[in-house]
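Just so we're aligned: the sequence shown equals residues 1 to 261 in the working numbering.
Working notes, structure below.
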Amino acid sequence: MNDRKMESAGNMEFKGKTAIVTGAASGMGLLSARKLAEGGASVVLCDVNAERVEAAAEEIRRNGGKAFAVKVDVRRYEEVEAAAKFTVESCGRIDILINCAGGYCGRIFGRSESFKDLPVEVLEWGADVNFKGPIWFCRAVFNTMAEQKGGVIINLGSIDGVTGGAVVYGAAKASMIGLTKSLAILGAPYNIRACCVSPGPVLTRPAMAGMATLLKRAAEPAEVVDLILYLCSEKAAFITGSNYLIDGGRACGGACYIEKE
1 MNDRKMESAG NMEFKGKTAI VTGAASGMGL LSARKLAEGG ASVVLCDVNA ERVEAAAEEI
61 RRNGGKAFAV KVDVRRYEEV EAAAKFTVES CGRIDILINC AGGYCGRIFG RSESFKDLPV
121 EVLEWGADVN FKGPIWFCRA VFNTMAEQKG GVIINLGSID GVTGGAVVYG AAKASMIGLT
181 KSLAILGAPY NIRACCVSPG PVLTRPAMAG MATLLKRAAE PAEVVDLILY LCSEKAAFIT
241 GSNYLIDGGR ACGGACYIEK E
C-alpha cells in the first residue's frame, strides 16, 4: 500500500503526529504502531529485539507508513534517552508515547516457581522492565512534550495491578496507575495528558483464553488497541489521569461462579 492508498484507506487522524511505541516488535505494541501509521503518524518502534523490531518497521514502510526501528533495552536510561533524541532528530517532535514493553518475569525466563522461590535476578528483570522502563521513557520524552505544549502518554497496566496477581508484575502494574495520575498532574500546565489502560486476558497468547471473565472470553488485541488509540486522539482531549479497565468484567469478581452453559 503506497502513501496515497494509505491516506484513502483511513481517516488520517494522526497525520503530522509522531509516536514512540515500546515493546513494538510484537503484540499490542506492534498493532498500536501499525494503526498509528495507518492514521498518518510517524512511528518510532522500540524493542530489545533488534531483528524483529526492524522487520516490524519495514512492514509498516512497505504498506505506505512512516516508521523507524530502534533497539532499546528499557532498563537502561541511556538507551531510552537515545531513542527519544533519535525521534526528535528524525521527526522533529514527540506527540505520543505508548509504553507497551513488559511481561511476567516467570514466563519470560521459563520459571514456574512462586515469588518466594524465584531467583532475585529474575524478579529484578520484572521490576526493571515493568516499573522502571515506563518511568524512564516518560522522563525521556517529557521535556520535549512540555516545550511543544502538548503530548499524550499511555501506560499499559494490567488487571493484576487492580486485583493483585504475580507479586512483582502485579505491583509494577499497579504502579502504572500512580505514575499516570502523577504525570497528569505534572503535565496539565503543558497540555500533556496521561492515561493508563489495564487489560484483562488478551489473545496475544493462547493461554489467555483460559482466564475467566464475566463475558466468558478474552479480548481480541484490536479491542485493546482501539481503546489506546481513542485515548491518543483529539476525541479524548478532556481525559487525563484515568485508568481504563478493559477486562470483560474480571475485576468485578465472581467470574469463576458463573454457570457454564
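C-beta atoms are modelled at their ideal positions from N, C-alpha and C, and glycine is treated no differently.
If you're wondering where the values come from, they're calculated on a predicted model, not measured in any experiment.
Quick one: grab the DSSP three-state call for D95. Three-state result, D95: coil.
Residue burial classification, R250 (beta-carbon count within 10 angstroms, cutoff 16): It counts as buried.
Can T22 and G29 be called in contact, C-beta distance under 8 Å? It is a contact, given that the beta carbons lie within the stated cut-off.
For I94, which residues in the same chain have their Cβ closer than 7 Å to its Cβ, ignoring the five residues on either side in sequence? By the criterion of a C-beta distance shorter than 7 Å, I94 is surrounded in its chain by T18, I20, A84, T87, V88, V141, T144, M145 and G151, once the five residues flanking it on both sides are discounted.
Within the chosen definition, does the stretch 124 to 139 reach the stretch 97 to 113 through at least 3 CB pairs nearer than 8 Å? Proximity of the stretch 124 to 139 to the stretch 97 to 113 meets the contact definition, three or more beta-carbon pairs being nearer than 8 Å.
Anyone know if the C-beta pair for V100 and L183 falls short of 8 Å? Before going on, a small fix: residue 100 reads as Cys here, not Val. Taking 8 Å as the Cβ cut-off, C100 and L183 do not qualify as a contacting pair.
Taking DSSP as the reference, what is the three-state secondary structure of V74? Here V74 sits in coil by DSSP.
Please check the pair A209 and L215, which I expect to be a contact at CB under 8 Å, by giving their CB distance rounded to whole angstroms. Actually they do not touch by this definition, with Cβ atoms about 13 Å apart.
Contact check, A57 vs A69, beta carbons under 8 Å: Closer than 8 Å, so yes.
Beta strand (DSSP E) segment containing R193, residue limits: Note, R193: beta strand (DSSP E), I192 to P199.
Can you tell me where the alpha helix (DSSP H) with S32 in it begins and where it stops? DSSP places S32 inside the alpha helix (DSSP H), whose first and last residues are G27 to E38.
Roughly how many angstroms lie between the CA atoms of S198 and G103, to the nearest whole one? Roughly 13 Å separates the two Cα atoms.
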